[in-house]
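K.L.:
Take the sequence shown: its letters are residues 42 to 322, numbered as in our numbering. C-beta atoms are modelled at their ideal positions from N, C-alpha and C, and glycine is treated no differently. All of these numbers come straight from a predicted model, not from anything done at the bench. A single structure is presented below for examination.
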Amino acid sequence: MIHHEKVLLNREFTFTQHDFNLLRELVNHHTGIHLSEHKQEMLYSRLARRLRALNLNSFSSYYQVLLENDGEELVNFINAVTTNLTAFFREAHHFEVLGKIILPELLERKQEQQRLRIWSAGCASGEEAYSIAMVVKEVVPSYWDVKILASDLDSAVLEKARLGIYEGDRLEGISPERLHRWVKRGIGGQAGKAHISKELQEIISFRQLNLIHAWPMRGTFDLIFCRNVVIYFDKNTQSILFERFADILEPEGYLFIGHSENLFQLTERFHLLQQTVYVKA
Ligand SMILES: C[S@@+](CC[C@H](N)C(=O)[O-])C[C@H]1O[C@@H](n2cnc3c(N)ncnc32)[C@H](O)[C@@H]1O
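Next comes the structure, spelled out in structure tokens:
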């Protein structure tokens, strides 16, 4: 305990248990993200940057700003508390099953409509959506009507996703053939950067969307990727979200979730196709 208090005193700003509780409640209210007790240090370091930026000297005054300034700071607050870790072809087996089993099955099943709708829900900086788009473009005939909605709550990462420009060292997961076909290397001032091809960008719409609020979409989806997003939510929020995914999926539509997530005791509306890939029952 004594040691704990020392750590608190050594911090640039005082951060009490009460501050932590108020702020994590606010995080939960706005994002659905549940911060457990051991996330104190993480929340401190992410928000200390905001206190400095706003020239504030305490977390309680920061909390007041969040309550009072009409949502202006709320955007920065939300952007600071989300975890946006992602990569091209992350969990590579999903893209194998997509290209080899699921898209061929949908090509048969949807041959009359020739239309596919895909949602990357919690797309972070866009790598997931671009990876899906590469596989789709390789497998689905170009005359099919295919659209990918890629959404996230964090406006800063969405900006990056829309741009489609990445540092060269972010491209590791992309095979040499795909790099050659879908990625242009920058030259001159853009050396070291990689641009995603326009052809992929054209089929993706990046939109800000809070998964725990109402969704503006009218139509249904054939595929939903929601990977490494619900891991931050409590079980009840997860369960509601999976039910809503089932509602907005086509019959026998597919849901992809992250490697450490599962639907056990959360919904009965899907059956498992293979590791973390589900089909709407
Ligand atoms: C760890 S990233 C996962 C990115 C990608 N799906 C992947 O697996 O590589 C989680 C993303 O979920 C987003 N997120 C968190 N809460 C959200 C919410 N309530 N609504 C929409 N997106 C949310 C975060 O902003 C973050 O970009």
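Which stretch, first to last residue, makes up the alpha helix (DSSP H) that contains Lys-321?
P.N.:
Looking up residue 321 in the sequence shown gives position 280. It is not in any alpha helix (DSSP H) - Lys-321 instead sits in the beta strand (DSSP E) that spans 318-321.
K.L.:
I'd like to confirm something about Val-270: is its beta-carbon nearer than 7 Å to some heavy atom of ligand 1, or not?
P.N.:
Mapped onto the sequence shown, residue 270 falls at position 229. Val-270 Cβ: within cutoff of ligand 1.
K.L.:
Taking the beta carbon of Tyr-184 as the centre, do at least 16 other beta carbons fall within 10 Å, making it buried, or is it exposed?
P.N.:
Numbered from its first residue, the sequence shown carries residue 184 at position 143. Classification for Tyr-184: exposed.
K.L.:
Flag Asn-251 as yes when its Cβ comes closer than 7 Å to any non-hydrogen atom of ligand 1, and as no otherwise.
P.N.:
Looking up residue 251 in the sequence shown gives position 210. Under cutoff, so the answer is yes.
K.L.:
According to the neighbour-count rule (16 or more other Cβ atoms, all chains shown, within 10 Å of its Cβ), is Phe-305 buried or exposed?
P.N.:
Residue mapping note: residue 305 aligns to position 264 of the sequence shown, counting from 1. When all chains shown are included, Phe-305 counts as exposed.
K.L.:
Phe-100 and Phe-54 - do their beta-carbons sit closer together than 8 Å?
P.N.:
Counted from its first residue, the sequence shown places residue 54 at position 13. Counted from its first residue, the sequence shown places residue 100 at position 59. Contact: yes.
K.L.:
Since Ile-119 is in the alpha helix (DSSP H), which residue starts that stretch and which ends it?
P.N.:
Taking the first residue of the sequence shown as 1, we reach residue 119 at position 78. Looking at the DSSP string, the run of the alpha helix (DSSP H) that includes Ile-119 is 113-122.
K.L.:
With DSSP collapsed to three states, give me the class of Ala-162.
P.N.:
Sequence index remark: in the sequence shown, residue 162 carries index 121 (1-based). Three-state DSSP puts Ala-162 in a strand.
K.L.:
Could you tell me which uninterrupted beta strand (DSSP E) segments, each at least 3 residues in length, are contained entirely in the segment 230-313, listed from first to last along the chain?
P.N.:
Whole beta strand (DSSP E) segments, 3+ residues: 234-237, 245-249, 262-267, 290-298.
K.L.:
Could you please give the first and the last residue of the uninterrupted alpha helix (DSSP H) stretch that includes Val-181?
P.N.:
Residue numbering aside, residue 181 sits at position 140 when the sequence shown is read from its first letter. Looking at the DSSP string, Val-181 is not in any alpha helix (DSSP H), and its letter there is neither H nor E.
K.L.:
So, at 8 Å on beta carbons, what are the nonlocal neighbours of Phe-311 in its own chain, with the 5 sequence-adjacent residues on each side left out?
P.N.:
On the sequence shown, position 270 is the one that residue 311 refers to. Closer than 8 Å at the Cβ level, and outside the excluded window around Phe-311, lie Phe-283, Ala-287, Leu-296, Leu-304, Tyr-319, Val-320, Lys-321, Ala-322.
K.L.:
Alpha carbon to alpha carbon, what distance is there between Ala-232 and Ser-280?
P.N.:
Position 239 of the sequence shown, counted from the first residue, corresponds to residue 280. Position 191 of the sequence shown, counted from the first residue, corresponds to residue 232. Rounded to the nearest angstrom, the two C-alpha atoms are 45 Å apart.
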